[in-house]
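> Residue 295 is where the sequence shown starts when you use the working numbering, and the numbers rise one by one after that. Where a beta carbon is used, it is the ideal one built from N, C-alpha and C, also for glycine. Note that the structure is predicted; figures quoted are calculated from it, not measured. Here you go, one structure.
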Amino acid sequence: MALMIKKYSSLRLVTLVSLPCMVIYCPSALAEIQTIAANTTSQLSASKAYNKNNKVLVPSLVGVLINGEEQGSTEALYDSASDPERDEQKDCYFLSINDLSELTKVSFTVVDNQAGYDVSTPIGKVQLSADQIYSYQGQDYVSLSTLKKLGITAVYSQPDLAIMLNMGWRPAQISVPKANNERNTLPIDYRSSQAGLLGLSFNSTLSTSESNNTSRDNPSNNNDDDTTSTSRQIYADLGAYGYGLGGVWGIKAIGYDFASSNDLIEDRKGKVSANDSFVRNALNGFSYLPSDWDNWGLDNLYWAKSGKQLATRIGINRPNALSQGAQTTGTEFTGAMIAYSNRDIGRHLSYFDQDSRSLLQNTNQDYQHLTGIGEAGGVAELRISGRALARVQIGLDGRYEFLNLDVSQLTLTDNLVEVAIFAYPLARQPLEVRPIVLGKRRTNVATDELLIEAGIGASGNLINSNSRYGFRDNNSGTAAHLYTEYGVNNRLAVRGGVNTNAQNLINDSKSVSWHTGVNYSLSPYSNFDFSYADSTIEQLWQAQLQYQRKKLLAYYQYQARQYDKAVLELPLLDNNRIDRLNDQRHQLLLNYSPSDRTNLSLSQYYDQMAIETDSDNYYAYASINHRFNDALNVGANWNSLDDRYSYRINWQDIYRNRTANDGKSNTIGLSGDNTSDTLSVRHQFDYRTSFGQSVSALHDSSRLLNQGDINYRFDGFNLFGADADARSIGTSSIDNLVSIGYSLFDGQVGWLADWQLTHRNGINFSLGYKHRYVDAIPSGRYTDLIDDSSFTNERELPAWTQNNYLFAKLSFDMFKPPKQNLKFGQYPRQEAGSVVVDLTHYVDSPINNETLSFQLDNQQVQASLLGTQANRSQYLISNIKAGDYTLSMDATNLPLEYSSSELQTPRIRVSNYAPTSVPIKLEKTYGISGKLTTAEEGIVIDIYQKDKLIQSVTTGSYGYFQIFGLAPDTYTLNSKGYEAQSIEITNDFVLKIALKPLTSSAVP
C-alpha cells in the first residue's frame, strides 16, 4: 500500500478504497484523471465517516463542470445516510471552501466570532452562518443547495458522476488580487498624437441680377428715364478643425462683398442685357480677389475637450436650447463653457467641426433604467418584441438592473417589452417572463442622471463684431448662464436655467432671466410637460399634453403670455392704466391614420390677444392624404384663417419601371389652390434623360404660364471616356446634371440653363443663368400644421421681373487621414479616439492585407485598410473609447516566417479625437523540426545560440520535436544522452533533423 500511496495522491487513493460510497459502481473511477488541488490540510481516511445532524458524510471523488466546461475532478463529501429516491442530490453532496475558492474565485473570510463566513463574489457579498458549515478533518464544507446563496446553481449529475456549477461569471477570467494591494501597471508604449488637422471646408456663392425699372415693368416708377438695377453678391467661408492639447479645435472665417448700381437703359436691340452693367458685374464677380472684398472676419474659433463626465469649451460660444417649452435662451458670447453629467457626458456633446458653436446639443434621448427582483445569482434577459436585447447578472440580493435603455427609439404602441428570468446563464428555459410597462419622457437625461451646463464671458463675438449670430455690441457686459436637467425616475424629469444674456429686447446685461420645467410620462401612451419662463419683460407659461396610440395622435398646448407694453413700446390701448398685457392661445392637433395608406390631420387654434387684430380668434387647418397604390396618391389641405385650399394628384407608372427596368417612366401631376391650377407631365427617356412640361392657369384671368425643361445626367466616363487616364483622375466619381428650360408668361419668353457637378468625394459646383424666366405664378400656400409662424406667402414672386440672373456655387470638403496627405471628402464622423497601425514587413514576404485582424484587450475590433505599399500597410481602428489598451494582432493569416515568433503586443493610450499611431515591424523568424532516432517521448532538448541557452523543448509522441522563433544564425541542439548537432538557419525552416543517441564509447 505504501507504493500505491506514493504513486497516487491521497485524493486518488480515496477512489480505490471508498467505492461503496458510489450509488452505482463505475469502473472508470479507477482511471487516472486530472485532479484539481484540493488544498487539504490532512490525509483523508475512508474508514472514518463524519456524523452531524443525522448526516453520515464520507469522501468521494467527483468530476467538476463549470458553466458547461470540464475542469477535472475534486473531492466532495457525500451523505451516505440519504435516500437517493427521496432526497434531492444537491442536498447530499458537499464541497470544501478551499476547493470552491479555487474553482469559482469566490473569497471566503472567517467572521471574527467564528460564526460563519463573509463571502465575496463578483456579483455581490453574502454571509454564511455557522449552521450552514460542515467541518471535516480540518476543512469546512457547504452543501450544493447552500451555494445558491452565493449565486451558484449546483447540481449533481448521476450519469456523469460530476457536480455541475453554473454561475454568472467566468472564473478563468478573474485574476486573483496580489498581496499588499500590489498593482500590476504596465508602461504605455505609444500615446495619441499631440496636435493635427482633421478636416477643411470651403463654400462660395456668387449671384448677379439685373432688373428693369421701366414704367411698363414697374408702374410705381416716376422717373422719366428708364433704368436698370444691377446687384452682385459674393459670399465665401473657409473652415478647418483638428485636435490638440487633448481636445478638438475649430476655426472659420467668412467674407462677403456687395455691389449695386442703377444705369440708363441703352438702345441694345437684340441684346440680352439692357446695358453693360450686368456683364461687367458678373465678370468682376469671378475675377474679384478676396482681399478686395468689403468684409472678412473670424466667425468661429474654439477649443473643446471632454472626458467621461466633464466637458469644456473655450472661445466663441452659443448656448444651445437644451430645454423645451417656455425657456430663455442665451445669445452668442466669447468665453468658456463647462458641462457635467454624472453618467456619460459624451452622448450630450455637439459634433465638433468648423461650424460647431455650442458644447451640448438637444439629444431628446430618453434613457431609462429597468430594475426588478429575480432569482439570486440568476440572469435577467431584456426582450423587445421577443428578441433578446441584453442580459445582466442578478445579484445575491436578487436585484437586477438594465441601465440606459433608449426608450426614444421604441414605439411603445408596437413594441412588447419583457424581462425573462433564468436560474443560471446556461439555462435554456426561463423561470418566468414578465411584461414591462414603460412610458416616454421628453428629456435629454437618463434616469438618475444630472446634466449641468454653465458658461461665462463677454457678450457677442469679441473677435468679429459683425458676426451673424451676435445680438449685442461688444461693450454690453458680462454674459453668464446656467442650465440643469435631472431624470428623477423613469417617468419624471425636471429642468431649469438662468442667464444674463437672454435674447430679448432689453439692452441690460444685469437683468436676469430664468426658466423652469417638468416633464412627466402619465402612461405608455401619454406625456405631460409644463414650463415657465421669465425674461424680465415678459412671462410665459406653457402646458403640453400628448396622447398617442397606434393610429391616433392627439396633442394639446396652452400658452399664456404676460408682457410689459411700456418696455415693448406698444401703442396705447383704450385703458391706459393697464401696464401688463395678457395673451393666451389654445392649440389642439389631431392626427389619425386608419391605415398605412390614409392620413387625416386637424389643427385648431383659439387665441385671446390683448391687442385686437382683424383675424378671427378661432381658426383651423385640415389635411387629408391618401395613397391608392404605389403609383397614385392624392392630398388636400384647407386653411380657415383666410379660407384657402390646396390639392395635389400625382401618378407615376412605377409598375412598368419595375418590370422593364430600362429607366423609362412617366409622371403626371395636377395641383392647385385658390388662385391657380397646374398640370405637369414628365417623361423619363432612360436613366439619364428626362423632359418635363407644365401649364398653369390663373383663376382671375386668362393668362397661362407654360414651363418646360429637359435634363441630362452623365458621369465622367461620358465626358472623358473609360480609359485608364480617365480613371486615374477620378472621372468615374463625377456626376453631372445639365438642365435647359423655358417659360412663357404674359407674352414674355424666358429661359434658363444650369449645370450641376457633384464629385462623390465632396466637391460640388453649379453654374446657372436665367433670362426673364418665370419661376412660378403668384400664389399662397401653407406648409405647416402646427406653428403658423412658418407659413410662407408666395403672393409676390419677383423672379420674372428680373431681366438677367447669374449664379455660381463652389464647395468642397477635405480631410486628412492619419499618416496621409489631405484628401477630398468628408472626415469619417467619430467622436471617440482612433488607432493607426503602421505595419512594416519585408518586400520578399508580402502579407494578405485584407485578412489581418486586431484585438484590443483581447476583444476583436474592426480595422479598415488605409493604404498599402510594397513593404508596409496601414490600418485604421476607429471610434475607440478613451483609455489604455493592449494591442495584439492575429497571426493566423500571416506567412509562417512572421507568425513563428511571438508578435508584439504594445500597450497604447487612446484619447478622444486624436489618433494613436502604433508602428509594428514584422520580423522574420524560422524554426527547426525533427525527431529522436530512438523515438523516445518526454526528452528535453536545449537550444543554444553561441553559448547562451535560449529555448528548451520536450519531445512528443514518437520523439518528434519542433522549435520556432529562431532568427537567421547558427544554433546547437543539446540533449542528455544524444549527440549535439549544430544547425545553420539562413532564410528558411530546417526540417527532418535526426538526433542520434551517444555511442557507448562516447557516454561519460
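1. Assess contact between the stretch 457 to 464 and the stretch 1176 to 1187, defined as three or more Cβ pairs (one per stretch) separated by less than 8 Å. Is contact present?
2. Quick one: is L1303 buried, meaning 16 or more other Cβ sit within 10 Å of its Cβ, or exposed?
3. Skipping 5 residues on each side, what residues in its chain have a beta carbon closer than 6 Å to that of Y1063?
4. Taking just the CA atoms, how far does N575 sit from L500?
5. Can you check DSSP and say which residues form a bridge with S503?
6. Between which two residues does the beta strand (DSSP E) harbouring I730 extend?
7. What first and last residue would you give for the alpha helix (DSSP H) that runs through L397?
8. Indicate the three-state DSSP secondary structure (helix, strand or coil) for N944 in the structure shown.
9. In terms of alpha-carbon separation, which member of V812, S1223, I391 and V413 lies closest to Q431?
10. G538 to A1208, Cα distance in whole Å?
11. Name the residue from Q365, V449 and S401 whose alpha carbon lies nearest to the alpha carbon of C386.
12. Whether or not the stretch 701 to 721 and the stretch 738 to 749 are in contact is what I'm after, with contact meaning three or more pairs of Cβ atoms, one per stretch, closer than 8 Å; do they touch?
13. Assuming L258 contacts A748 (C-beta within less than 8 Å), just tell me the rounded distance between them.
14. What does the alpha-carbon distance come out to for the pair Y535 and G1127?
15. How would you label F627, buried or exposed, when you count the other beta carbons within 10 angstroms and need 16 or more for buried?
16. Between I678, I1287 and N594, which has its C-alpha nearest F646's C-alpha?
17. For V989, which option in L973, V1247, Q978 and D1003 has the closest C-alpha, if you only look at C-alpha atoms?
18. When the Cα atoms are used, what is the spatial distance from I486 to V1129?
19. Could you check where the alpha helix (DSSP H) with N578 kicks off and where it finishes?
20. Quick check: the Cα distance between A717 and L371, rounded to an integer number of angstroms?
21. Leaving aside the five residues before and after A991 along the sequence, list all residues of the same chain whose C-beta is less than 7 Å from its C-beta, in chain order.
22. I'd like the span of the beta strand (DSSP E) that includes E1191, first residue to last.
23. For the candidate residues R722, D406 and L699, whose alpha-carbon lies nearest to that of E712?
24. Specify, as a first and last residue, the run of the beta strand (DSSP E) that V1043 falls within.
25. Expressed to the nearest angstrom, what Euclidean distance is found between the alpha-carbon atoms of A273 and D1029?
26. Just to confirm the assignment, what range does the beta strand (DSSP E) spanning E1273 have?
27. Near F1039, which residues of its chain fall below 6 Å by C-beta distance, leaving aside the five closest residues on each side in sequence?
28. What residues are listed by DSSP as bridge partners for N614?
29. I need the DSSP call for P1111, collapsed to helix, strand or coil.
30. On a Cα-Cα basis, can you pick out the residue from G733, V792, S887 and R891 that is closest to N821?
31. By the DSSP assignment, the beta strand (DSSP E) with R685 in it spans what residues?
32. What are the complete beta strand (DSSP E) segments, minimum 3 residues, inside the stretch 1230 to 1271?
33. Around the C-beta of A827, are 16 or more other C-beta atoms found within 10 angstroms, so that it is buried, or is it exposed?
34. Look up M458 in the DSSP assignment and give the residues it is bridged to.
35. What separation, rounded to the nearest whole angstrom, lies between the Cα atoms of W590 and R612?
36. Excluding five sequence neighbours on each side, which residues of the same chain lie with their C-beta closer than 7 Å to the C-beta of G1232?
So, from the listed chains and residues:
1. no
2. With the chain running from 295 to 1298 in the structure shown, residue 1303 is simply not present.
3. A1047 and L1100
4. C-alpha separation (whole angstroms): 11 Å.
5. Looking at the DSSP assignment, S503 forms a beta bridge with S525 and Y1099.
6. Counting along the chain, I730 falls outside any beta strand (DSSP E), and DSSP gives it neither H nor E.
7. I391 to T398
8. strand
9. I391
10. Straight-line measurement puts the Cα of A1208 at about 8 Å from the Cα of G538.
11. V449
12. no
13. Since the first residue shown for the chain is 295 and the last is 1298, residue 258 is missing from the structure and cannot be characterised.
14. A straight line joining the alpha-carbon of Y535 with that of G1127 spans about 15 Å.
15. buried
16. N594
17. L973
18. In the sequence under discussion, the amino acid at residue 486 is Ser, which differs from the Ile named in the question. When rounded, the distance between both Cα atoms is 8 Å.
19. S571 to S581
20. Rounded to the nearest angstrom, the two C-alpha atoms are 25 Å apart.
21. If you ignore the 5 residues before and after A991, its C-beta comes within less than 7 Å of the C-beta of S970, D971 and L998, all in its own chain and listed in chain order.
22. Where E1191 is concerned, there is no enclosing beta strand (DSSP E), although the alpha helix (DSSP H) it sits in stretches over L1190 to S1193.
23. Selected option, being the one with the closest Cα: L699.
24. From DSSP, the beta strand (DSSP E) with V1043 extends over Q1042 to H1053.
25. There is no way to answer for residue 273, as the model of the chain reaches only from 295 to 1298.
26. Y1272 to I1279
27. L999 and V1068
28. For N614, which the question treats as bridged, DSSP gives no partner whatsoever.
29. coil
30. Measuring from the Cα of N821, the nearest candidate turns out to be G733.
31. Annotation for R685: the continuous beta strand (DSSP E) segment containing it runs R681 to Q687.
32. 1234 to 1239, 1242 to 1248, 1254 to 1260 and 1263 to 1269
33. buried
34. L359 and V449
35. 21 Å
36. T1248 and T1249
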